[in-house]
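Just so we're aligned, residue 0 is where the sequence shown starts under numbering that gives the first Met the number 0, counting upward by one. A virtual CB, placed ideally from N, CA and C, is assigned to each residue, including glycine. Heads up: the structure comes next, in structure tokens.
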Amino acid sequence: MAESMSDNSSIGDAVSSREDVEFIEDEDLYYIPERRPSLDLGPSPMDTSQWHFVDQALTPAQSYEKLTSEDEGVADQEGPSTSVRLERAESFSSCYSVDSNDCEKIIPKEKTKEEVTEPSNQLELIQEPEEIKHPSLTLQFTFKALCETLKKLPEDDFRMFKWKLWTHYPQPFSASQSMDIVDLVDRLLESFTCEMSVQITRTILVSISKKNVAEHLRMLYIKNQIRHELCELMIQKYSEVSITEGQTMPLDDIYVDVNTFSRSDNGPNVEHEVLQITKASTKKKPGDRLLLAETLSQEWITKTYARQVYLYGLAGSGKSMFVKKLALDWARGRSHQHFSFVYVITIREMNEYLETKISLMDIVNKLYPMAKRIKTEGLRYEENEALFIFDGLDEYPEEFNFMRTEIHSDASSPMTMRVLLVNLLRGRFLSRSRFVITSRPHADRCAPWDGHYDEIEMGSFSNANKDEYFRKRFKDPNQAARVIEHVKSLKTLHIMCCLPLFCMLLADEYQRVFRESPEGKLPTNMTYMYTKLLLKLVHIRRTRKPAFSPEDELKLLMDLGKFAFTLLEKGQFHMNRSKCPDFSHIEAVNRSGICMQYTTTPFVLCHEDVVCFLHPTVQEYMAALYAYLSFRNHDKNIFDQSVKNKLKLSHKGHRIMELYKAAVEKSLQCPDGKLDLFLRFLFGMGCKTNQELLLPFHKPSAKVLDLVKDCAALIKKNQGSPHPDRSKNLKCCLEELEM
Numbered sequence: 000m001a002e003s004m005s006d007n008s009s010i011g012d013a014v015s016s017r018e019d020v021e022f023i024e025d026e027d028l029y030y031i032p033e034r035r036p037s038l039d040l041g042p043s044p045m046d047t048s049q050w051h052f053v054d055q056a057l058t059p060a061q062s063y064e065k066l067t068s069e070d071e072g073v074a075d076q077e078g079p080s081t082s083v084r085l086e087r088a089e090s091f092s093s094c095y096s097v098d099s100n101d102c103e104k105i106i107p108k109e110k111t112k113e114e115v116t117e118p119s120n121q122l123e124l125i126q127e128p129e130e131i132k133h134p135s136l137t138l139q140f141t142f143k144a145l146c147e148t149l150k151k152l153p154e155d156d157f158r159m160f161k162w163k164l165w166t167h168y169p170q171p172f173s174a175s176q177s178m179d180i181v182d183l184v185d186r187l188l189e190s191f192t193c194e195m196s197v198q199i200t201r202t203i204l205v206s207i208s209k210k211n212v213a214e215h216l217r218m219l220y221i222k223n224q225i226r227h228e229l230c231e232l233m234i235q236k237y238s239e240v241s242i243t244e245g246q247t248m249p250l251d252d253i254y255v256d257v258n259t260f261s262r263s264d265n266g267p268n269v270e271h272e273v274l275q276i277t278k279a280s281t282k283k284k285p286g287d288r289l290l291l292a293e294t295l296s297q298e299w300i301t302k303t304y305a306r307q308v309y310l311y312g313l314a315g316s317g318k319s320m321f322v323k324k325l326a327l328d329w330a331r332g333r334s335h336q337h338f339s340f341v342y343v344i345t346i347r348e349m350n351e352y353l354e355t356k357i358s359l360m361d362i363v364n365k366l367y368p369m370a371k372r373i374k375t376e377g378l379r380y381e382e383n384e385a386l387f388i389f390d391g392l393d394e395y396p397e398e399f400n401f402m403r404t405e406i407h408s409d410a411s412s413p414m415t416m417r418v419l420l421v422n423l424l425r426g427r428f429l430s431r432s433r434f435v436i437t438s439r440p441h442a443d444r445c446a447p448w449d450g451h452y453d454e455i456e457m458g459s460f461s462n463a464n465k466d467e468y469f470r471k472r473f474k475d476p477n478q479a480a481r482v483i484e485h486v487k488s489l490k491t492l493h494i495m496c497c498l499p500l501f502c503m504l505l506a507d508e509y510q511r512v513f514r515e516s517p518e519g520k521l522p523t524n525m526t527y528m529y530t531k532l533l534l535k536l537v538h539i540r541r542t543r544k545p546a547f548s549p550e551d552e553l554k555l556l557m558d559l560g561k562f563a564f565t566l567l568e569k570g571q572f573h574m575n576r577s578k579c580p581d582f583s584h585i586e587a588v589n590r591s592g593i594c595m596q597y598t599t600t601p602f603v604l605c606h607e608d609v610v611c612f613l614h615p616t617v618q619e620y621m622a623a624l625y626a627y628l629s630f631r632n633h634d635k636n637i638f639d640q641s642v643k644n645k646l647k648l649s650h651k652g653h654r655i656m657e658l659y660k661a662a663v664e665k666s667l668q669c670p671d672g673k674l675d676l677f678l679r680f681l682f683g684m685g686c687k688t689n690q691e692l693l694l695p696f697h698k699p700s701a702k703v704l705d706l707v708k709d710c711a712a713l714i715k716k717n718q719g720s721p722h723p724d725r726s727k728n729l730k731c732c733l734e735e736l737e738m
């Protein structure tokens with residue numbers, strides 16, 4: 000029967016065919032592939048009715064298993080017995096057929112993770128992997144860090160490293176000597192966790208006397224941990240911004256990338272609805288336009304050797320928003336990744352230490368506690384490129400003396416705030432770091448004349464930027480389109496939207512209208528929005544040092560208003576600083592935000608500092624405010640200074656309409672329209688809503704007057720002017736009265 004079976008069946012082929020296969024010792028590296036299906040030769044003519052089918056014979060090892068297990072029960076009954084248990088290693092596939100010579104290729108067996116990572120010679124790690132477990136230890140970072148570390152090894156040391164790795168982990172690194180750095184790190188991270196891979200690498204580096212390289216790897220992941228925590232704090236601080244009281248929006252959803260110019264002293268925007276204003280010849284031609292990602296980029300830095308950059312911009316031009324966006328983009332890995340650390344410090348925060356001595360590093364550590372580890376872990380700023388941003392230098396209340404201030408170069412040494420800032424502006428701290436200082440255009444230069452620095456200036460919103468901003472603020476496309484169309488229909492408001500702060504105030508007002516009624520009428524009152532802008536700038540000034548009393552605040556506004564009216568009567572929109580009236584230029588330019596200063600070149604090699612207002616329309620508004628408050632607070636008609644007229648007014652019961660009559664007559668006498676917007680603003684201040692907004696600047700006994708009917712009658716009486724443009728302007732005055 001056995002002969003018959005061996006001759007006529009293939010049951011024993013699996014055993015007999017082993018003679019043709021060369022024995023391979025490491026059989027556990029391979030697996031037995033699935034047997035190929037037998038060839039279908041069609042219906043067999045052989046008579047198989049007398050065949051007896053039996054189960055396939057067990058392999059020898061399985062037979063021994065069966066025999067042993069069956070004898071166990073007998074052994075229990077008959078007493079002790081001796082059995083032999085044989086086990087054999089896995090073999091290659093035995094499915095070779097006598098009718099086929101194309102045997103299957105030996106196929107490597109897939110290893111489980113436990114089989115791969117189990118070391119034959121346990122490596123004693125210098126630190127447990129769990130001790131460095133941190134969210135920052137990602138696969139991407141670990142791969143880069145290990146590659147960077149191993150590249151520091153000479154060729155012989157790298158071969159020794161691979162040999163050591165194979166000695167302790169032979170299975171995953173059996174072919175390590177043929178691997179390059181990328182392949183080796185790739186195999187390491189396939190076989191182990193990130194923490195384990197780092198500790199294995201450090202341990203082997205120490206074992207081959209490369210402690211300095213191992214320390215470099217440790218510094219890399221320590222620095223990455225600090226950077227990760229710093230990024231988390233930046234995201235927490237700057238991911239959302241307040242747009243209205245009690246309402247926030249993601250910064251990414253509201254930010255509009257405004258162009259910056261690579262040079263300063265570009266002067267104000269002089270576009271005007273009525274007048275053709277010639278822009279003064281500025282000191283420099285506008286520089287290259289830069290987007291946020293391009294500013295302080297790696298390419299930008301390579302073109303300049305300056306470690307300090309001054310970012311100038313008008314009040315409300317978006318400097319602080321620019322800084323927040325830069326820090327947020329760095330924290331989220333979008334830009335400026337060549338900086339290891341980024342710190343944003345406001346001068347307002349530094350002003351808290353005006354009365355004490357403190358070091359720059361102490362301030363950084365107080366605001367960013369994770370930065371303390373930089374020193375304790377042995378990291379040095381001199382070996383890492385950091386970016387320090389100091390926002391709002393114009394908020395510092397004292398003057399800088401660059402010639403008579405003691406020299407300090409140690410950022411860890413305590414000193415007064417004045418000494419600290421002077422040495423900071425002179426670039427004496429942290430030679431590998433970069434510094435960005437934001438400021439309004441200063442009345443007195445805040446940079447040393449002999450320093451080496453770059454200057455960039457915040458640009459204004461272009462027309463495309465204005466539309467983009469409103470689309471971002473109004474998520475409803477229909478509302479956004481309606482707002483954009485409405486603003487474009489009001490030319491002065493559309494021009495003034497070049498200032499991001501004004502855009503924000505306008506959007507706030509329109510959102511209030513939509514909350515009350517989705518189909519509500521959008522306001523057209525120009526005076527109302529300019530009053531909102533003034534109140535916002537005054538509010539910002541109140542948060543600054545030194546403190547400003549209400550009396551001083553009103554006096555400054557009246558001085559600026561008188562200055563504005565004097566220029567307006569002459570048809571001027573800027574004045575040489577040396578010829579300006581006697582008011583505080585520091586307050587007007589640095590702190591109030593209403594004025595600015597820039598340098599002009601009226602002649603070749605002749606430079607002059609000139610003072611002007613944020614925009615020509617702001618000058619016209621301030622002139623109207625001066626006329627209005629002079630009458631409300633002092634019974635003074637600025638168009639008639641005679642004592643006789645003052646007495647006449649006092650007997651008439653302080654009739655403010657006399658002021659409006661004089662203003663209309665004066666405006667109609669100006670064929671060039673230089674008083675057109677002044678007149679609109681003056682009539683707008685007679686509106687009840689605007690009177691209520693301006694009450695903080697009135698004398699305590701002042702009351703809201705009902706002037707609308709009298710003002711409207713006065714306008715209609717003078718609409719027959721021979722100048723069509725002046726008549727058209729009077730119609731605009733009626734709109735300011737909300738009629």
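Per DSSP, which one or two residues make a beta bridge with residue i?
i      : result
Lys249 : For clarity, residue 249 is Pro in the given sequence; the question names Lys instead. Paired residue(s): Glu239.
Ala385 : Phe340
Arg331 : Bridge partners of Arg331: none, in fact.
Ser438 : Tyr311
Thr345 : Asp390
Cys594 : Phe612
Ile455 : Leu310
Met574 : Val610
Arg433 : Leu386
Using a C-beta cutoff of 8 Å, does residue i count as contacting chain B?
i      : result
Ser591 : Judged by its chain identifiers, the structure shown contains no chain B, having just a single protein chain.
Residue i: buried (16+ other C-beta within 10 angstroms of its C-beta) or exposed?
i      : result
Asp328 : buried
Arg590 : buried
Cys732 : buried
Val184 : buried
Leu291 : buried
Cys605 : exposed
Gly719 : exposed
Thr137 : exposed
Ser408 : exposed
Asp453 : buried
Could you check what DSSP says for residue i in three-state terms: helix, strand or coil?
i      : result
Leu736 : coil
Ala326 : helix
Phe630 : helix
Ser175 : helix
Ser261 : coil
Ile357 : strand
Pro601 : strand
Met414 : strand
His485 : helix
Arg379 : coil
Leu289 : strand
Cys669 : coil
Below 8 Å on the Cβ atoms is my contact criterion, and I expect residue i with residue j to pass it. Report the Cβ-Cβ distance as a whole number of Å.
i      : j      : result
Asp390 : Val343 : 6 Å
Phe387 : Phe434 : 5 Å
Met457 : Ser316 : 4 Å
Met525 : Leu505 : Going by Cβ atoms, the distance from Met525 to Leu505 rounds to 11 Å, so no, they are not a contact pair.
Lys544 : Pro396 : 4 Å
Asp639 : Ala661 : 6 Å
Val707 : Met738 : 7 Å
Phe680 : Ala587 : No, Phe680 and Ala587 are not in contact; Cβ-Cβ is about 20 Å, not under 8 Å.
Practice task
Mind the definition here: the region 297 to 315 touches the region 513 to 520 only if three or more C-beta pairs lie below 8 Å; say whether that holds.
Solution key: Not touching, per the Cβ criterion.
Exercise for the section: For the region 463 to 475 and the region 409 to 427, state whether three or more C-beta atom pairs, one from each stretch, are separated by less than 8 Å. Expected result: no
Practice task
Check whether the region 349 to 357 touches the region 448 to 464, counting contact only when three or more Cβ pairs, one atom from each stretch, lie closer than 8 Å.
Solution key: no
Practice task
Specify whether the region 251 to 262 and the region 430 to 450 touch according to this definition: at least 3 beta carbon pairs, one from each stretch, less than 8 Å apart.
Solution key: no
Exercise for the section: Evaluate the contact criterion for the region 155 to 165 versus the region 216 to 223: three or more CB pairs, one atom per stretch, below 8 Å. Expected result: no
Exercise for the section: Could you say if the region 128 to 136 and the region 182 to 198 meet the contact criterion of at least three C-beta pairs nearer than 8 Å? Expected result: Flag = yes, the region 128 to 136 and the region 182 to 198 touch.
Practice task
Flag this pair as touching only if the region 563 to 572 and the region 615 to 635 have three or more C-beta atom pairs under 8 Å; answer yes or no.
Solution key: yes
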